[in-house]
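All remarks here apply to the structure that follows.
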Amino acid sequence: MSEDAVRHIFDHLLLLGRRPIPKLDIFLVSNGGSGTVPWRLVSLFREFASELGVLIPYRAYSAASLLALGADEIVMHPFAELGPIDPTVSNEFNPVDQATRQRIGISVEDVRAYVNFVKETVGITHEDELVKALEALAEKLVTKLDAQDGGLTERGRRATDRGAFSRFQRAVSEAELTRFIQADYQAELARRSER
5 MSEDAVRHIF DHLLLLGRRP IPKLDIFLVS NGGSGTVPWR LVSLFREFAS ELGVLIPYRA
65 YSAASLLALG ADEIVMHPFA ELGPIDPTVS NEFNPVDQAT RQRIGISVED VRAYVNFVKE
125 TVGITHEDEL VKALEALAEK LVTKLDAQDG GLTERGRRAT DRGAFSRFQR AVSEAELTRF
185 IQADYQAELA RRSER
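Following this line, the structure appears as structure tokens:
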């Protein structure tokens, strides 16, 4: 669901002879998209219809879930799914995708997952130590991005924003597996603090 979809949908809605129509059903299948689009689309749909229904045959993730929640009625196939809403933050400090020259959004959920990983798996709960852990992550990412901007390669292949982001995401998602060895982390931390 991208910003340009709003104009296309508006053009189609203009083809409805009269307005508001009694009911508008939207057939929705999407992996998500921009978090601002659902609000705009639901507002637009409500300008053209008295009642709004959403039909979900398969999946409606992230922004599509938000759109569905704006409807009066949601009808789902037994195998259909609504997905988690994963807002991203974009500003002038975000990394730049070298291929598109656009800023890459940073997932709020990924940052939250990293903080939870540090708290629960590594056992760091003091606020000052959490800030240091986030600073360490930021420094590692900045170093990779600086190397990329300089055209340097690492381990025989070019590091990319999306690749670094994917590796970080995988590490966070695999955090559940590391709970089995949490005792080893605690022992290692205790050993290091005794030095």
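First residue of the sequence shown? That's 5 in this note's numbering, and the numbers climb one at a time after it.
Every residue gets a Cβ at the ideal spot worked out from N, C-alpha and C, and that includes glycine.
Within a Cβ cutoff of 6 Å, which residues of the same chain sit near residue i, ignoring the five residues on either side of it in sequence?
{"i": "VAL4", "result": "Within the shown structure, residues of the chain are numbered from 5 to 199, placing residue 4 beyond reach of any answer."}
{"i": "GLU96", "result": "none"}
{"i": "ASP90", "result": "SER66, SER111 and GLU113"}
{"i": "TYR10", "result": "In the sequence on display, residue 10 carries Val and not Tyr. Cβ within range, chain order: ARG44."}
Name the DSSP bridge partner or partners of residue i?
{"i": "THR104", "result": "BP columns for THR104 are empty, so no partner."}
{"i": "PHE31", "result": "LEU59"}
{"i": "VAL79", "result": "LEU59"}
{"i": "GLU85", "result": "ARG63"}
{"i": "SER111", "result": "THR92"}
{"i": "ILE25", "result": "ALA53"}
Report all residues from its chain with a CB closer than 7 Å to the CB of residue i; omit the five preceding and five following residues, and keep chain order.
{"i": "LEU141", "result": "TYR118"}
{"i": "ILE128", "result": "VAL122, LEU134 and ALA137"}
Between residue i and residue j, how many whole angstroms is the CB-CB distance? I'm expecting something under 8 Å.
{"i": "GLY36", "j": "SER66", "result": "3 Å"}
{"i": "GLY87", "j": "SER69", "result": "6 Å"}
{"i": "ALA72", "j": "LEU45", "result": "The Cβ separation is near 11 Å, so there is no contact."}
{"i": "ARG271", "j": "GLU85", "result": "What is shown of the chain runs 5 to 199, which leaves residue 271 out entirely."}
{"i": "ALA34", "j": "MET5", "result": "Looking at the sequence shown, residue 34 is not Ala but Ser. Between MET5 and SER34 the Cβ distance is about 6 Å, and since that is below 8 Å, they are a contact."}
{"i": "ILE30", "j": "PHE49", "result": "7 Å"}
If I measure Cβ to Cβ from residue i and keep anything under 8 Å in the same chain, skipping five residues before and after, which residues do I get?
{"i": "GLU7", "result": "SER38, THR40 and VAL41"}
Contact between the region 23-31 and the region 40-58 (3+ Cβ pairs under 8 Å): With a cut-off of 8 Å, the region 40-58 and the region 23-31 count as touching, because enough Cβ pairs lie within range.
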